[in-house]
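This report refers to the structure that appears directly beneath it.
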Amino acid sequence: DAMVIQNPRYQVTQFGKPVTLSCSQTLNHNVMYWYQQKSSQAPKLLFHYYDKDFNNEADTPDNFQSRRPNTSFCFLDIRSPGLGDAAMYLCATSRELGVSNYGYTFGSGTRLTVV
Amino acid sequence: EDKVVQSPLSLVVHEGDTVTLNCSYEVTNFRSLLWYKQEKKAPTFLFMLTSSGIEKKSGRLSSILDKKELSSILNITATQTGDSAIYLCAVMNSGYSTLTFGKGTMLLVSP
Chain U
1 DAMVIQNPRY QVTQFGKPVT LSCSQTLNHN VMYWYQQKSS QAPKLLFHYY
51 DKDFNNEADT PDNFQSRRPN TSFCFLDIRS PGLGDAAMYL CATSRELGVS
101 NYGYTFGSGT RLTVV
Chain C
116 EDKVVQSPLS LVVHEGDTVT LNCSYEVTNF RSLLWYKQEK KAPTFLFMLT
166 SSGIEKKSGR LSSILDKKEL SSILNITATQ TGDSAIYLCA VMNSGYSTLT
216 FGKGTMLLVS P
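Listed below in structure tokens is the structure:
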């Protein structure tokens, strides 16, 4: 029944070793978002896709990239993870930009550890 | 830059207590304010508020928006241990249409 699925739930990667986090959705929503949430911090928007249009936040480091090969899938690539990139990464979707009466639908998140 | 400030950052109460969580915001062209509950996983949607003074209610939870004061409160009555979570407030402006979150209030309800 899960509608926004993130894999894996927990990811350990080595310092500097590229890592990819994945998100899939069964809602057929147009918009997919990636948020980074560090301990005791607000979720911070990294980027979002409206369909195939990619929108990067101005302060998202170049180390973070994203791909959306089709409506259902969106990937977050971290090219050279640093210790400061350890965080929970949340994927979310919405039918359109803006929110319906139900807000965004979030996945369960991937907790990334960098060693 | 849109800004959301939540208070308190953390709170410990006993089961049965009533709690009030606060959210204040600065946003260009305010569109809506949302409350989420986050346990050890994804945030789950609680309320969306767009109009000032209209209370939204779901069971023991209720929330209201005050556009004049640029703030919202989330009330939880007769708290239960299952209410222990981080409560996130987020705002959306009408232009950019993405959510800006506050840091959250960590609520712990002790038996």
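Here the protein sequences line up with chains U and C, keeping their order. This note's numbering numbers the first residue of the first sequence as 1 and each following residue consecutively. This note's numbering numbers the first residue of the second sequence as 116 and each following residue consecutively. Where is the CB? At the ideal position from N, CA and C, for every residue including glycine.
- When the five nearest sequence neighbours on each side are left out, the beta carbons in the same chain lying within less than 6 Å of the beta carbon of Ile201(C) are those of Gln153, Gly219, Met221, in order along the chain.
- Of the candidates Val4(U), Asn7(U), Tyr10(U), Thr20(U), the residue whose Cα lies closest to the Cα of Arg79(U) is Thr20(U).
- Linking Gln11(U) to Pro18(U) through their CA atoms gives a straight-line distance of about 12 Å.
- Nearest to Thr105(U) by alpha-carbon distance, out of Thr133(C), Thr159(C), Leu149(C), Trp150(C), is Thr159(C).
- Here Val115(U) is not bridged, per DSSP, to any residue.
- Here Pro61(U) has no same chain residue with a Cβ atom under 8 Å from its own Cβ, once five neighbours each way along the sequence are excluded.
- Note on geometry: alpha-carbon atoms of Thr113(U) and Tyr35(U) lie some 16 Å from one another.
- In the displayed model, Thr213(C) falls within coil according to three-state DSSP, outside both helix and strand.
- Using a C-beta cut-off of 8 Å, the region 180-188 of chain C makes contact with the region 127-145 of chain C, since at least three inter-stretch Cβ pairs fall below that distance.
- For Leu97(U), the three-state secondary structure derived from DSSP is coil.
- In the structure shown, Thr196(C) falls within a helical segment according to DSSP collapsed to helix, strand and coil.
- Gly217(C) belongs to the set of residues whose beta carbon lies under 7 Å from a beta carbon in chain U.
- At a cut-off of 7 Å between beta-carbon atoms, Gln65(U) makes no contact with chain C.
- Assigned with DSSP and collapsed to three states, Leu83(U) falls in helix.
- Note on Val115(U): under 16 other CB atoms within 10 angstroms of its CB, so exposed under the neighbour-count rule.
- Per the coordinates, the alpha-carbon of Cys74(U) lies some 20 Å from the alpha-carbon of Asp59(U).
- The beta-carbon of Ala157(C) is placed less than 7 Å from the nearest beta-carbon of chain U.
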